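Engineer: Just passing along the structure, written as structure tokens.
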Amino acid sequence: MELKNDLVINLLTNVGDILEILGESVYKIRAYRKAVEALKEITEDVENLVKEKKIEDVPGIGEAIGGKIKEIVETGKLYYLDKLLKQIPLEVTSLMKIEGIGGKTAGRLYHELGIKSIKGLEEAIGNGLLLSLPGFTEAKVAKIANALKSVKSEQKPLPNIEQHAFKISDFLVNTNLLLKVDIGGSFRRKKSTVRDLDIHAVGDPANFEQVMKLFTEMTEVSEVIVTGSSKSTVKLVNDLNVDLRLLEENSYGAGLLYSTGSRAHTIKLRTICDKKNLTLNEYGLFKEKNDELIASLTETEIYKAMGMSFIPPELREDRGEIEAAMSNSLPRLITREDIMGDLHIHTNWSDGKASLKEMITAADNSSLEYIAITDHVGKIPIYRPLNKTRFNEQKKELENLVSDFEIKILHGIEVDITKEGKIDAPKEMLIEAEFVIASIHSLFDLSEEEMTQRILTAMDNEYINAIGHPTGRMFEKREGYNLNFSKIVEKGKETNTFLEINAQPNRQDIDDYIVFDIRVKLPVYIGTDAHYTKDLENITWGINIARRGWCEKKHLLNCLGYKELLRKLKH
DNA sequence: GCCGTTTTCGGCCCGACTGTTTTCAGTCG
128 MELKNDLVIN LLTNVGDILE ILGESVYKIR AYRKAVEALK EITEDVENLV KEKKIEDVPG
188 IGEAIGGKIK EIVETGKLYY LDKLLKQIPL EVTSLMKIEG IGGKTAGRLY HELGIKSIKG
248 LEEAIGNGLL LSLPGFTEAK VAKIANALKS VKSEQKPLPN IEQHAFKISD FLVNTNLLLK
308 VDIGGSFRRK KSTVRDLDIH AVGDPANFEQ VMKLFTEMTE VSEVIVTGSS KSTVKLVNDL
368 NVDLRLLEEN SYGAGLLYST GSRAHTIKLR TICDKKNLTL NEYGLFKEKN DELIASLTET
428 EIYKAMGMSF IPPELREDRG EIEAAMSNSL PRLITREDIM GDLHIHTNWS DGKASLKEMI
488 TAADNSSLEY IAITDHVGKI PIYRPLNKTR FNEQKKELEN LVSDFEIKIL HGIEVDITKE
548 GKIDAPKEML IEAEFVIASI HSLFDLSEEE MTQRILTAMD NEYINAIGHP TGRMFEKREG
608 YNLNFSKIVE KGKETNTFLE INAQPNRQDI DDYIVFDIRV KLPVYIGTDA HYTKDLENIT
668 WGINIARRGW CEKKHLLNCL GYKELLRKLK H
């Protein structure tokens, strides 16, 4: 049986969109949005939650939405949505993907002009129909026509946009018109993917007009979406949206807190403030009655004034960090210095580009205590995977090299998991290899149950230490397959098999919310999957995921020293 | 529609920018 999580998320999203077009209560719409967000953050099978009558335990899901989820799980359909769709066709919701068009405008376009789709909207602009609509002036129509070219921006892998982000903040710093420039938003929270950049800067308001002019006229800007004296949004030629928020220096901490978000974190903070008769905004924390300023200079002061310890940006997702900060029980997140080893590295013995010696030299020069060399074995589409003979040759080369280095080396392999969950490698190699990663490299479109079973079967193999890039996602190439993680974690505990956080920029697999869920049940480890020596630096992306997943040293296999690690492995 | 350290009703985060609304609704973050 398939997991129904995606279906439930889709149908409830549709309900939210249609309700928005119908102009329903914003609180009702918000309730559906919140329920969808909550469902995206759980790794459990929604069907099981329904069966065990635990679905209403999920925060944001109550009796009404819980009942609808039950109906979707049991019948695959939702009568309530079907009824709504008799009033508004589903396609109308596509209009809301255009910048500046929300539910109200989409509703008017449909009701007053019969426009159902983006294509219909283009036609209505072309033949002048849109101009006939009250309130739609030439300027407004031109703006919509322009916005049509760009649907609301997509998520992009953080590593791909890091350089753009620094370039823009450098540009702002170099104007010499600002005192401090910070990149906030999901960039500062170190999310694997970001939708836009939120830049926060403080300075003398006398300079703001000039800063905004320089910002909106940067050569990389393809379009100015909004611009005002304290806030502007531009679209860059590479389709990245950048927000710039300017504040006075004495609002620095409050502005950074606001800029960093997340939205859910901010809302929770403000809700708590409300109960304490405080108001929190981007200018500061105030007493509600008399507007008296309580704190604004630093984030630490503001958190403290709200009765909390400083919350690292990576945790600001309303996953319990606020409650933990109030009870002084935030996790001691891992740092770069805590990482003792890298357990997934390739060399030119398979599809890596660096030699064994080059890789070891590079790793030895970093602060690592150990690495695992894990070249490919099995029928995978690369030029030259290892066979038994070459594995032995590699071992010999390794033995000759080790004395020259301080770093400890596990001679491992990465093996392929076949469709049936078998391990495509000779047993002698599995016995001899000191760290065996099993990964899926083909047939990605099996059902959820088949994929889960495929991995469970592989984990049952007594020589497998770890599952590499567990969901197989590759940004801008393919979605990851869904897995039943509760079953996989159970099997991991039973068989002493661990899950990888693959740190390749285009993988970043598994996601932080999965790590958050499983970390206390089964240790994880970060592997760079390096193919070049410089790829060893990709460990950063894995650390981001681990930190966002609330990992402390005890949750990560590669925070163990070499000897402790060996004791943990099953062979 | 959800929720509760003022708890089963009456609230629900807060503010900037846009357009044409002469006082605010819509959209966004």
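As numbered in our numbering, residues 128 to 698 make up the first sequence, in order.
Heads up, the beta-carbon is just placed ideally off N, CA and C, and yes, glycines get one too.
This structure is a prediction, so every number in the text was calculated from the model and none was measured.
Return the CA-CA distance between Glu-533 and Ala-490, expressed in angstroms with no decimal places.
Structural biologist: Distance between the alpha carbons of Glu-533 and Ala-490: 10 Å.
Engineer: Can you give, in chain order, each stretch of the beta strand (DSSP E) that sits fully within the stretch 332–356 and has at least 3 residues?
Structural biologist: List check, beta strand (DSSP E) in window: 348–354.
Engineer: Once DSSP output is grouped into helix, strand and coil, what is the label at Met-128?
Structural biologist: For Met-128, the predicted model reports a pLDDT of 43, less than 50, meaning its position is unreliable and no value from the coordinates is stated.
Engineer: Is it true that the stretch 143–157 meets the stretch 169–180, where meeting means three or more beta-carbon pairs spaced less than 8 Å apart?
Structural biologist: Because the criterion of three Cβ pairs below 8 Å is not met, the stretch 143–157 and the stretch 169–180 do not touch.
Engineer: Throw me the rounded Cβ distance for the Ile-550 and Ile-544 pair, which I believe falls under 8 Å.
Structural biologist: The pair is a contact, with the Cβ atoms about 7 Å apart (cut-off 8 Å).
Engineer: Leaving aside the five residues before and after Glu-175 along the sequence, list all residues of the same chain whose C-beta is less than 6 Å from its C-beta, in chain order.
Structural biologist: Note that residue 175 corresponds to Asn in the displayed sequence, not to Glu. Around Asn-175: no qualifying Cβ.
Engineer: Please give me, in chain order, every unbroken run of the beta strand (DSSP E) with length at least 3 that falls completely inside the stretch 172–258.
Structural biologist: Runs found: none.
Engineer: Quick check: His-596 and Glu-627, are their CB atoms within less than 8 Å of each other?
Structural biologist: Result yes, Cβ atoms of His-596 and Glu-627 sit closer than 8 Å.
Engineer: Is it buried or exposed, Val-647, if we count other Cβ atoms within 10 angstroms and call 16 or more buried?
Structural biologist: Exposed: under 16 other Cβ atoms inside 10 Å.
Engineer: Whole angstroms is fine: what's the gap from Ser-666's alpha carbon to Gly-247's?
Structural biologist: The residue asked about is misnamed: residue 666 is Ile in this sequence, not Ser. Using only the alpha carbons, I get a separation of about 47 Å.
Engineer: Quick check on Glu-555: buried or exposed, where buried means 16 or more other Cβ atoms within 10 Å of its Cβ?
Structural biologist: Counting Cβ neighbours within 10 Å, Glu-555 comes out exposed, since fewer than 16 surround it.
Engineer: Using CA atoms only, rank isn't needed, just tell me which of Tyr-159, Leu-383, Ile-288, Phe-518 is closest to Tyr-430.
Structural biologist: Nearest C-alpha to Tyr-430: Leu-383.
Engineer: Whole-angstrom Cβ separation of Arg-675 and Lys-317, contact assumed at under 8 Å?
Structural biologist: Going by Cβ atoms, the distance from Arg-675 to Lys-317 rounds to 6 Å, so yes, they are a contact pair.
Engineer: By the three-class DSSP mapping on this structure, what secondary structure does Ile-582 have?
Structural biologist: In the structure shown, Ile-582 sits in a helix (DSSP, three-state: H, G or I).
Engineer: Check Asp-639 in the structure and name its three-state DSSP category.
Structural biologist: In the structure shown, Asp-639 sits in a helix (DSSP, three-state: H, G or I).
Engineer: From this set, Lys-340, Pro-284, Tyr-237, Leu-217, which residue's C-alpha is nearest Gly-669's C-alpha?
Structural biologist: When each option's Cα is compared against that of Gly-669, the closest is Pro-284.
Engineer: Below 8 Å, can you find three or more Cβ-Cβ pairs linking the stretch 134–141 to the stretch 183–200?
Structural biologist: Touching, yes.
Engineer: Considering just the uninterrupted stretch of the beta strand (DSSP E) at His-682, what are its terminal residues?
Structural biologist: That residue, His-682, is in no beta strand (DSSP E); it is neither H nor E in DSSP.
Engineer: Would you kindly check if the distance between the Cβ of Ala-162 and the Cβ of Gly-187 is under 8 Å?
Structural biologist: Closer than 8 Å, so yes.
Engineer: If we count the other Cβ atoms within 10 Å of its Cβ and call it buried at 16 or more, is Phe-293 buried or exposed?
Structural biologist: Its Cβ having fewer than 16 others within 10 Å, Phe-293 is exposed.
Engineer: Under three-state DSSP, which class holds Glu-606?
Structural biologist: It is coil, neither helix nor strand.
Engineer: Considering only the alpha carbon of each residue, which of Ile-540, His-538, Glu-444, Asn-377 lies closest to Ser-423?
Structural biologist: Closest by alpha carbon: Asn-377.
Engineer: So, helix, strand or coil for Arg-694, using DSSP?
Structural biologist: The answer is helix: DSSP assigns Arg-694 an H, G or I state.
Engineer: Measure the C-alpha to C-alpha separation of Glu-183 and Lys-131 and round it to an integer number of angstroms.
Structural biologist: If you take the alpha carbons of Glu-183 and Lys-131, they lie about 16 Å apart.
Engineer: Tell me whether Val-353 is buried or exposed, calling it buried when 16 or more other Cβ atoms sit within 10 Å of its Cβ.
Structural biologist: When all chains shown are included, Val-353 counts as exposed.
Engineer: Please report the Cβ distance between Ile-645 and Phe-612, rounded to the nearest whole angstrom; I am assuming they are in contact, meaning their Cβ atoms lie under 8 Å.
Structural biologist: That pair is a contact at about 6 Å.
Engineer: Across the stretch 561–570 and the stretch 515–523, are there enough close Cβ pairs to call them in contact, namely three or more that are closer than 8 Å?
Structural biologist: Touching, no.
Engineer: Where do the N-terminal and C-terminal ends of the beta strand (DSSP E) with Tyr-652 fall, by residue?
Structural biologist: Per DSSP, Tyr-652 belongs to the beta strand (DSSP E) from 651–654.
Engineer: Please identify the residue among Ser-389, Asn-287, Thr-501, Gly-380 whose C-alpha is closest to the C-alpha of Ser-482.
Structural biologist: Among Ser-389, Asn-287, Thr-501, Gly-380, the Cα nearest to that of Ser-482 belongs to Thr-501.
Engineer: Run the CB neighbour count on Tyr-154, radius 10 Å, all protein chains shown included, and call it buried at 16 or more, exposed below.
Structural biologist: When all chains shown are included, Tyr-154 counts as exposed.
Engineer: Hey, how far is the Cα of Leu-240 from the Cα of Leu-256?
Structural biologist: So the two alpha carbons sit approximately 8 Å from each other.
Engineer: Expressed to the nearest angstrom, what Euclidean distance is found between the alpha-carbon atoms of Asn-609 and Glu-164?
Structural biologist: Going from the Cα of Asn-609 to the Cα of Glu-164 covers about 17 Å.
Engineer: Quick one: what's got a C-beta closer than 6 Å to Asn-623's C-beta in the same chain, skipping five residues either side?
Structural biologist: The answer, listed in chain order, is Lys-697.
Engineer: Let me know if Lys-197 comes out buried or exposed under the rule of 16 or more other beta-carbons within 10 Å of its beta-carbon.
Structural biologist: Answer is buried; the Cβ neighbour count reaches 16.
Engineer: What three-state label does DSSP hand Met-467 in the structure shown?
Structural biologist: Coil at Met-467, not helix or strand.
Engineer: By Cβ distance below 8 Å, which residues in the same chain neighbour Lys-680 in space, the five residues on each side in sequence not counted?
Structural biologist: So the qualifying residues of the chain are Arg-459, Ile-461, Asp-465, Cys-686.
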